[in-house]
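Here is the structure we will look at.
Numbering (the working numbering), first residue to last: 29 to 461.
Laid out in structure tokens, this is it:
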């Protein structure tokens, strides 16, 4: 979608072929009961962004939906029993803007806070000098910096597993550095969390594409094969037809690429997945007034209030412990844990529930993988790759996906002799200018 929006906005005529009946891939929504017109529309999993996601925000502006993202300046950390701590920016300049609220976090003691402070200063100091951050895990780095176990479990882990969707011992330290530098240190407002105020699919509706122009969306039209002839892509085969263009940009998950274009001979042996589980719960009464919260010391990591406290969506990233768990057990676990944070849950009646297990949610951002991520250009001069698994400069996030799309769009314009720039520099570039 990012490639199409970028190229369509500068006059290229773009055809988008989508196998499903709606856009968005893993960041979409659908009716809970497809056979009921009055059924609620749910997101397959709660997707959020930070203000440092500058390319995703640019994409939303292109589609004229940026006003449908609600930003929050406070993070609520809740312990079992209900004690709540709030992290927010204060009056001091960056990178010290969290000092006041950070010192008041009740779930960390002084030793934990001193360790975290040293760690954050080390990130600022080492992010441009260390050469091994792609090869070691974030957990290795945290232990090297002598972080306390409580600091690791309730601060570093709580933030990073949700942001990268991978466990600390499976996550390249470079990605952890990126989250904390861009999201917490580079600018005083870059940490603010944006939550879509509408179902995700509404962000990419037909009215938005009319605004772009030059883009035709073909839903329920899966591409079966890219046809290679004489060293170039000659067309895409879909629904028994060969459809042609000047340039081609497949934006598929990595595991589907070998069947689509085996001639690329992509080295994907080291690519694996990390799962994410979304748990949707509807209660007969309001159980919380908080818009969102991160839940400490339990399996469930985040809660998002979708409808006045009656409908909550819970998120568990890197959810390997839930992959084989029966649906009923996942729901029971979620309700039990939720009751430890919000006592009203214990008196409420659970009216319905839904579990979404995204087994192939994201690629695992493990140490050593960065060098294997392919760039957008291929050995075929009219074929360019996009997807959050390509070398976007970010891990598997919506920002990473949009970055890959913009990078591919820029490559298309170069090939066409009409060089354009779409990629927005990261926030740290602005902070140094």
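Note that the Cβ used here is the ideal one computed from N, Cα and C, for glycine as well.
Between the options, which has its C-alpha nearest residue i's C-alpha?
i           : options           : result
residue 81  : 321, 60, 282, 221 : 221
residue 61  : 71, 53, 52        : 71
residue 256 : 312, 250, 406, 57 : 406
residue 292 : 40, 423, 403, 47  : 403
residue 122 : 198, 96, 69, 208  : 208
residue 110 : 223, 315, 258     : 315
residue 224 : 332, 51, 268      : 332
So what's residue i in DSSP terms, helix, strand or just coil?
i           : result
residue 127 : helix
residue 317 : coil
residue 108 : coil
residue 348 : helix
residue 88  : helix
residue 306 : strand
residue 164 : coil
residue 31  : helix
residue 458 : Residue confidence is low: residue 458 scores 41 on pLDDT, short of 50, so the model does not pin down where it sits. Its coordinate-derived value is still stated next. Here residue 458 sits in helix by DSSP.
residue 416 : coil
residue 441 : helix
residue 75  : coil
residue 335 : strand
residue 292 : helix
Give me the Cα-Cα distance between residue i and residue j, rounded to the nearest whole angstrom.
i           : j           : result
residue 113 : residue 159 : 36 Å
residue 459 : residue 126 : Residue placement at residue 459 cannot be trusted, given a pLDDT of 39 that sits under 50; what the coordinates show is reported in the next sentence. Approximately 17 Å between the Cα atoms of the pair.
residue 214 : residue 189 : 20 Å
residue 133 : residue 370 : 19 Å
residue 454 : residue 426 : 14 Å
residue 42  : residue 277 : 10 Å
residue 148 : residue 183 : 12 Å
residue 46  : residue 431 : 20 Å
residue 51  : residue 232 : 7 Å
residue 393 : residue 152 : 21 Å
residue 461 : residue 200 : Only weak support is given to the placement of residue 461: the predicted model assigns it a pLDDT of 30, under 50, and the value that follows is read from those uncertain coordinates. So the two alpha carbons sit approximately 28 Å from each other.
If you measure between the beta carbons of residue i and residue j, is that distance less than 8 Å?
i           : j           : result
residue 321 : residue 100 : no
residue 374 : residue 49  : no
residue 32  : residue 243 : yes
residue 361 : residue 327 : yes
residue 281 : residue 348 : no
residue 434 : residue 408 : no
residue 175 : residue 343 : no
Under a CB-based cut-off of 8 Å, is residue i close to chain C?
i           : result
residue 246 : Among the chains of the structure shown, chain C does not appear; only one protein chain is present.
Considering only heavy atoms of the ligand NAD, does any lie closer than 7 Å to the CB of residue i?
i          : result
residue 85 : Because no ligand of any kind appears in the structure shown, any question about the ligand NAD cannot be addressed here.
### Query
Do the stretch 91 to 98 and the stretch 151 to 170 meet, that is, are 3 or more Cβ pairs less than 8 Å apart?
Contact between the stretch 91 to 98 and the stretch 151 to 170 is absent, because fewer than three Cβ pairs lie under 8 Å.
### Three CB pairs or more closer than 8 Å across the stretch 273 to 287 and the stretch 411 to 430
With a cut-off of 8 Å, the stretch 411 to 430 and the stretch 273 to 287 count as touching, because enough Cβ pairs lie within range.
### Message
Check whether the stretch 351 to 360 and the stretch 257 to 274 are in contact - that is, three or more C-beta pairs closer than 8 Å.
### Response
Contact between the stretch 351 to 360 and the stretch 257 to 274 is absent, because fewer than three Cβ pairs lie under 8 Å.
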